[in-house]
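A short worksheet on the structure shown next.
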Amino acid sequence: MISELQVRKLKRFFGLLDFNHNGVIEESDFTSIAENLCVLWGLREDTAEYVKIVTRFSETWKRFSFYVNNEDETASWEYILDLANKYLVKENQEQFSIYVDEFAGEIFDNFDTNNDGHISVDEYLDLFMAYRIEVRYAAKAFRKLDRNDDDEISRAELMKAVKEFFLSTDEAAPGNWLFGAY
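In terms of my numbering, the sequence shown opens at residue 3 and continues consecutively.
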């Protein structure tokens, strides 16, 4: 069984992905996050860049939906909690690591907008705004994830943060701040 801390963090994550707050995660939640990002970046619906971003998030849903095993192609909180109890335990961490690597890579690719191999504080702020996370936590979270204090989050730092977010049972782990205060 996963710890109470892991349940709290997972509940936070579920709430961020359930963009329309209807109690399930579905493809429209992912496209809504993409549309929010496009508005933030000032992209019009009739542009190729807008379509590219929405398509990228739809593809993210398709990879995520691999873990959704029901006819209506949604994931309820109970279903996600069940998956967590299956994959966040030591016996199944190999499969979980594959998912985490994909997930962290997608976050990185979506928010390293200048493709310099790092996420700047401004790019990280975009993540908070796209997912509707309270921006007042962005700077503190960024500092916690930037472990070498170079004012950038590298792919390795992000990978470590994502793994800590899902796996750590230590209240003080920096990765717990991946999506702001939990």
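Cβ coordinates follow ideal geometry from the N, Cα and C atoms, glycine included.
First and last residue of the uninterrupted alpha helix (DSSP H) at residue i
i: Ser39; result: First, the amino acid is wrong: residue 39 is Leu here, not Ser. Start and end: 29-42.
i: Met161; result: 157-169
i: Gly17; result: 6-19
i: Leu147; result: 140-147
Test item: CB-CB of residue i and residue j under 8 Å
i: Glu80; j: Val56; result: no
i: Ala77; j: Val26; result: yes
i: Leu12; j: Leu83; result: yes
i: Asn112; j: Arg58; result: yes
i: Leu90; j: Leu7; result: no
i: Gly182; j: Ala143; result: yes
i: Val137; j: Phe130; result: yes
i: Glu108; j: Thr33; result: no
i: Phe21; j: Ile35; result: yes
i: Tyr184; j: Arg46; result: no
i: Ile121; j: Phe110; result: yes
DSSP beta-bridge partners of residue i
i: Val26; result: Ser78
Whole-Å CB distance - residue i paired with residue j, under 8 Å assumed
i: Arg145; j: Glu104; result: Actually they do not touch by this definition, with Cβ atoms about 26 Å apart.
i: Asp128; j: Leu42; result: 6 Å
i: Asn178; j: Glu166; result: 7 Å
i: Leu147; j: Ala163; result: 5 Å
Test: residue i CB closer than 8 Å to a CB of chain C
i: Phe21; result: In the structure shown, chain C cannot be found, because there is only a single protein chain.
Every unbroken alpha helix (DSSP H) inside the region 47-126 [4 residues or more]: 50-66, 79-89, 95-113
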